[in-house]
Structure formats: structure tokens, C-alpha cells
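A.B. asks:
Here it is in C-alpha cells:
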């Protein structure tokens, strides 16, 4: 994981490159610097958890020829309408509730559990690493009340927390603050 203290994200180093989840505005160039401190491999994939600018408005700093930007179709539609040059359009999308990526032998599961935060908001599961990325679902060791402000359907928000517990993970990456959590934190 990588954090600015205000926003979190994570990346996975594969055999040939790096898969990044989101490119938060609060990290900017520090995101690439953090990756370069771990590996000299290029960023090959960028997965958008959802379309909110605080999580992907530094995507233009990561974008380059050949980069695969992956998102749910709802996220792609939102970004197309937003016309924000900081948030490049995805070039790989899926619709429905689930997609599986296989990148350099690594499995990544993208699940859309429903409209609890923003249409297209994903749970991104790295099963072999036992990591679940659930951006803007909850904040570790904090009451969920601030998150409820952004939920179009409050019951769906609480359902999303229950859905998180169905995954096999040891670490959960949340969207904000500098804490990474465990299944016990979600519970």
C-alpha cells in the first residue's frame, strides 16, 4: 500500500510491470516515486476503483502509451461526461457485477457489489496476496458516519461492509487516512 496520510492506494509488482489501483490527487508525483523506490518496472495497468477525483485525478501523471486503464462501464461513462483531462478514459471496461484479470500470472478480481457509494465503485481483490482494496467503503478505526454522506443508498452501504467479509483477505486497503485494516476492523 501507499498513502499520503489523507488518501490510500496500493500497487502490485508483477513479473513484467506494476498494476496500480487509482492515482490519488493527494499523492500526485509521489505515487510514481513510491513505486520507483520498490521496483524499476513500468506501470502497465491502472485500475480505477471509481470516478471520484480525489482518487484518480493524478491518473494523467501515470498515463502513457500502452497503459491499460481498467474500470467498470459506469465509471467510464461518468468520466466521459466529466471531460476531465486529469482522469483519462479507461481503455478496458466491463459491465455486470464481476470481472477477472490475469496479468503476468497474477489474478485480480474486480467486483461491483452495487450502488452504495458511486455507480461503478469496485472491490478489487488480490486473492493470492490476500489483499482487498475497498476504496471509500469504510475507514479503519473510525465510525462510518462521514461515509454515509456520500452513499446514495444507506442500507446498501452497510450491505457492502457485509459483502467485504465474504472475501478471503488479511489486509484491506481503504480510501482515506493512513491506516490499513484487517477483517476484524471490518467486522
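In this note's numbering, the protein residues as written are 9 to 195.
Each residue gets a CB set at the ideal place from its N, CA and C atoms; glycine is no exception.
#1: Below 8 Å on the Cβ atoms is my contact criterion, and I expect residue 148 with residue 179 to pass it. Report the Cβ-Cβ distance as a whole number of Å.
#2: Buried or exposed for residue 95, please, with buried defined as at least 16 other CB atoms from any protein chain shown within 10 angstroms of its CB.
#3: Taking contact to mean at least 3 C-beta pairs separated by less than 8 Å, is the segment 25 to 39 in contact with the segment 56 to 65?
#4: Is it the case that the Cβ atoms of residue 124 and residue 145 are separated by a distance below 9 Å?
#5: Applying the criterion that 16 or more other CB atoms from any shown protein chain within 10 Å of the CB defines a buried residue, is residue 68 buried or exposed?
#6: Indicate whether residue 133 and residue 175 have their beta-carbon atoms separated by less than 9 Å.
#7: With distances taken from CA atoms, which of 44, 43, 75, 39 is nearest residue 65?
#8: Could you tell me whether the Cβ atoms of residue 162 and residue 16 are closer together than 9 Å?
#9: Would you mind sorting residue 90 into buried or exposed? The rule is 16 or more other CB atoms within 10 Å of its CB.
C.D. replies: If we stick to the structure as given:
#1: Numbered from 1 along the chain shown, position 140 holds the residue referred to as residue 148. Numbered from 1 along the chain shown, position 171 holds the residue referred to as residue 179. So it is not a contact: roughly 11 Å between Cβ atoms.
#2: Walking along the chain shown from the start, residue 95 turns up at place 87. Answer is buried; the Cβ neighbour count reaches 16.
#3: With a cut-off of 8 Å, the segment 56 to 65 and the segment 25 to 39 count as touching, because enough Cβ pairs lie within range.
#4: If you number the chain shown from 1, residue 124 lands on position 116. If you number the chain shown from 1, residue 145 lands on position 137. Contact flag set, yes.
#5: If you number the chain shown from 1, residue 68 lands on position 60. With fewer than 16 other CB atoms across the displayed protein chains lying within 10 angstroms of its CB, residue 68 is exposed.
#6: Residue mapping note: residue 133 aligns to position 125 of the chain shown, counting from 1. Residue mapping note: residue 175 aligns to position 167 of the chain shown, counting from 1. Going by C-beta atoms, residue 133 is nearer than 9 Å to residue 175.
#7: As a working mapping, residue 65 is identified with position 57 in the chain shown. Checked all of 44, 43, 75, 39; the closest Cα to residue 65 is 39.
#8: The residue you call residue 162 lines up with position 154 of the chain shown. The residue you call residue 16 lines up with position 8 of the chain shown. Contact flag unset, no.
#9: The sequence position of residue 90 within the chain shown is 82, counting from 1. Looking at its Cβ environment, which holds fewer than 16 other Cβ atoms inside 10 Å, residue 90 is exposed.
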